[in-house]
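Here the structure is laid out as structure tokens; the discussion comes afterwards.
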Amino acid sequence: MKFIKRHISLIFPLIAILLGLEFFIVFDRTTDSFEKGLQAGYSMMVVSKDEMSIDDFKAWDSHIEHVQELEKSKILKRLNMDKDKSKQKSFELSLPNFYSLKLDGYLTVEELESVKNNLKKSSNILSIETFHSTYQSKYELFSFIKFSFQTFIIFMTIIGFFLIVKQMEVWNFLHAQRMKVMEIFGASLFLRSKILINMALIDAVISAILTSWLFYLFKNSWVQGSQMEILKDNVDGVFKFSDVFILLFASITVVMIAVFLVVVNVKEE
Amino acid sequence: MPNVITANNLTLGYENDKEIIRNANFSIKKGDFVFITGPSGSGKSTLLKSFYGSLIPESGSLVVGGLDMVGINTKNLQELRTHLGIVFQDYKLINEWTVKKNVVLPLWISGYSIEVQDTQAKRLLHHVKLSGKEEKYPLELSGGEQQRVGVARALAKNPFLILADEPTGNLDEYSSNVIWDLMENACHQLETTVVVVTHRIPMVFNIPYRHFTIDENGSVYEVH
Chain P
135 MKFIKRHISL
145 IFPLIAILLG
155 LEFFIVFDRT
165 TDSFEKGLQA
175 GYSMMVVSKD
185 EMSIDDFKAW
195 DSHIEHVQEL
205 EKSKILKRLN
215 MDKDKSKQKS
225 FELSLPNFYS
235 LKLDGYLTVE
245 ELESVKNNLK
255 KSSNILSIET
265 FHSTYQSKYE
275 LFSFIKFSFQ
285 TFIIFMTIIG
295 FFLIVKQMEV
305 WNFLHAQRMK
315 VMEIFGASLF
325 LRSKILINMA
335 LIDAVISAIL
345 TSWLFYLFKN
355 SWVQGSQMEI
365 LKDNVDGVFK
375 FSDVFILLFA
385 SITVVMIAVF
395 LVVVNVKEE
Chain D
19 MPNVITANNL
29 TLGYENDKEI
39 IRNANFSIKK
49 GDFVFITGPS
59 GSGKSTLLKS
69 FYGSLIPESG
79 SLVVGGLDMV
89 GINTKNLQEL
99 RTHLGIVFQD
109 YKLINEWTVK
119 KNVVLPLWIS
129 GYSIEVQDTQ
139 AKRLLHHVKL
149 SGKEEKYPLE
159 LSGGEQQRVG
169 VARALAKNPF
179 LILADEPTGN
189 LDEYSSNVIW
199 DLMENACHQL
209 ETTVVVVTHR
219 IPMVFNIPYR
229 HFTIDENGSV
239 YEVH
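This is the structure we're talking about:
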């Protein structure tokens, strides 16, 4: 019982920190593709008097990454005005230039407005049209979820760290006397902290395995049956085998810092 | 006989505190048995602490086992300590370890094999009259028995110097006699240097000894 209690008191806060970290990684992966989807669904159409190159557009706003000129013949075809070949040519000459713009990333609504305003400053540009249907509502909901989730992760990590600090005080109480005696008899820093290091390493490995197992279950049971498109579309991103190593590394780093701080603070009487 | 401890104008004190030992000059040779006495608070334990590097001299010089304790580095200090036997009034045993594990601590630190540790533990516990208590924990023993474990630990690696701070301060007569016998034997038979801080020199002592005293001003004298 004492053994379990001693280990649980470190494993619990470590799992809290690792859950926070893994949630952050998973959230980052799943939202990345969602952001790309939002970005793809957003298009900006520009009408200009004279022909413009990508560099001309970039000179007005650096967020513009790709420019595709829409062929006038195709526009006329869609308008069903390509029957008469002679008229078609004159129509084509009288038409302005149409461009579809792609941006360099997932921009906020404010940033998109700023791009439009920058382009409007050009006297060559006659009109700017955006096609975004639900972009703004999706973006706002997404931003809210992202903010809530990140706040939750930060909160969880802070709680985890406080619990680890508490555990360090307990370690200090439990191990200080032994380490002081060993120091008097000439034990090196490593030898003095060996017992604590072994215990902390075991707890770090257990915590990483438990957290990985939780996410494996989350991926294979909950996500599979979930109706959430964002998760179902990115089921492979929910948990990857390589995450075990990330969690193990993070877990060992946290406990080693904690052990080091305890050991260097034990002073000989 | 070569000097094991040499102090020249040795001054000791704690940070932001007055000097406790002032300008002490003495030397202790291999095989000497030395008692250090003095009134409470005179600096007996402080002087002993400086011998195992727990307190660094403020000024003067102190050489222990050929190592200058002023500016000694961690590696040398650790090496020196593995060749010392230290006994404390409050025993300083590791309560979550068995008696056997406590006794062989200096051997474990120096990387001796399990076989050597077992043999030494058996021999030492027999010497301190604690055979059969190898697997007990310190808190299951009486104060006298705990101190005998402390002495066994100090003797575990046949140190060249034993430092004892009030080793019989809290003990009954039987345990005190066992401890004095062990220290006398270590000094007489193995030529181990023994330095004991005490309030009172035992009435019956079977080997020649030297007696240093510290007065209230922190001066160290040898009593002849």
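Line by line, the protein sequences give chains P and D.
In this text, residue positions in the first sequence follow our numbering: the first is 135, and each later residue adds one.
In this text, residue positions in the second sequence follow our numbering: the first is 19, and each later residue adds one.
Glycine residues also receive a C-beta, built at the ideal position from the N, C-alpha and C atoms.
Model, not experiment: these values are computed from the prediction.
First and last residue of the uninterrupted alpha helix (DSSP H) at residue i
| i | result |
| --- | --- |
| D/Gln164 | Gly161 to Leu173 |
| P/Ala342 | Leu323 to Leu351 |
| D/Glu133 | Ile132 to His145 |
| P/Lys243 | At residue 243 of chain P the sequence reads Val, which differs from the Lys that was named. Counting along the chain, the alpha helix (DSSP H) containing P/Val243 begins and ends at Val243 to Lys254. |
| D/Lys119 | Val117 to Val121 |
| D/Lys110 | Element bounds for D/Lys110: n/a, residue is neither H nor E. |
For residue i, the three-state DSSP class (helix, strand or coil)
| i | result |
| --- | --- |
| P/Val372 | helix |
| P/Gly294 | helix |
| D/Thr100 | coil |
| P/Phe146 | helix |
| P/Gly171 | helix |
| P/Phe319 | coil |
| P/Gly123 | Beyond the ends of chain P as shown, which are 135 and 403, falls residue 123 of chain P; an answer cannot be given. |
| D/Gly31 | strand |
| P/Met178 | strand |
| D/Val22 | strand |
| P/Glu203 | strand |
| D/Asn91 | coil |
| P/Asp377 | helix |
| D/Asp233 | coil |
| P/Asp184 | coil |
| P/Lys401 | coil |
| P/Lys280 | helix |
| P/Tyr240 | coil |
| P/Lys223 | helix |
| D/Gly129 | coil |
| D/Lys36 | coil |
Rounded separation between residue i and residue j - CA only
| i | j | result |
| --- | --- | --- |
| P/Phe157 | P/Val372 | 9 Å |
| D/Arg40 | D/Ser79 | 12 Å |
| P/Ser248 | P/Val393 | 51 Å |
| P/Phe286 | P/Ile336 | 28 Å |
| P/Phe289 | P/Val397 | 28 Å |
| P/Val181 | P/Glu203 | 10 Å |
| D/Gly31 | P/Ser341 | 48 Å |
| P/Lys192 | P/Ile145 | 52 Å |
| D/Lys151 | P/Leu348 | 47 Å |
| P/Ser207 | P/Lys272 | 35 Å |
| P/His200 | P/Gly239 | 11 Å |
| P/Val315 | D/Val167 | 14 Å |
| D/Pro20 | P/Ile151 | 60 Å |
| P/Ser257 | P/Asp184 | 10 Å |
| P/Asp189 | P/Leu210 | 27 Å |
| D/Val121 | D/Ala139 | 6 Å |
| D/Ser128 | P/Phe307 | 26 Å |
| P/Leu235 | P/Ser228 | 22 Å |
| D/Tyr227 | D/Arg171 | 23 Å |
Reference residue i; option with closest CA among the options
| i | options | result |
| --- | --- | --- |
| P/Met390 | P/Met316, P/Val299 and P/Leu172 | P/Val299 |
| P/Ile142 | P/Phe394, P/Ala338 and P/Asp166 | P/Ala338 |
| D/Ala42 | D/Ser149, D/Gly31, D/Asn26 and D/Phe51 | D/Asn26 |
| P/Thr242 | P/Pro230, P/Leu235 and P/Glu274 | P/Glu274 |
| P/Leu246 | P/Leu260, P/Thr291, P/Phe289 and P/Ser196 | P/Ser196 |
| D/Trp115 | P/Phe349, P/Met313 and P/Pro147 | P/Met313 |
| P/Ile293 | P/Gly154, P/Ile138 and P/Val357 | P/Gly154 |
| D/Leu85 | D/Arg99, D/Glu76 and D/Lys36 | D/Arg99 |
| P/Val357 | P/Val369, P/Trp347 and P/Asp189 | P/Val369 |
| P/Phe276 | P/Met316, P/Met179, P/Leu172 and P/Leu344 | P/Leu172 |
| D/Tyr192 | D/Lys154, D/Thr231 and D/Gly162 | D/Gly162 |
| P/Leu382 | P/Val160, P/Thr345, P/Ile209 and P/Ile279 | P/Thr345 |
| D/Val22 | D/Leu189, D/Pro156 and D/Glu209 | D/Glu209 |
| P/Met186 | P/Pro230, P/Leu148, P/Asp162 and P/Glu226 | P/Pro230 |
| D/His206 | D/Asp190, D/Ser194 and D/Asn224 | D/Asn224 |
| D/Asp136 | D/Asp233, D/Leu28 and D/Lys119 | D/Lys119 |
| P/Glu402 | D/Leu73, D/Thr186, D/Leu179 and D/Asp35 | D/Leu73 |
Run of the beta strand (DSSP E) containing residue i, from where it starts to where it stops
| i | result |
| --- | --- |
| D/Lys151 | It is not in any beta strand (DSSP E) - D/Lys151 carries neither H nor E in the DSSP assignment. |
| P/Lys236 | Asn231 to Leu237 |
| P/His197 | Counting along the chain, P/His197 falls outside any beta strand (DSSP E), and DSSP gives it neither H nor E. |
| D/Tyr239 | Val238 to Val241 |
| D/Leu157 | Here D/Leu157 belongs to no beta strand (DSSP E), and DSSP marks it neither H nor E. |
| P/Ser261 | Ile259 to Phe265 |
Any non-hydrogen atom of the ligand HEM within 6 Å of residue i CB
| i | result |
| --- | --- |
| P/Gly294 | Absence of the ligand HEM is noted for the structure shown, with no ligands found whatsoever. |
*asked:* For a minimum of 4 consecutive residues, which ranges assigned as the alpha helix (DSSP H) are wholly contained in the segment 166–231 of chain D?
replied: 191–208
*Kindly provide the ranges of any beta strand (DSSP E) runs that are 3 or more residues long and lie completely inside the segment 38–89 of chain D, ordered along the chain.*
51–55 and 77–82
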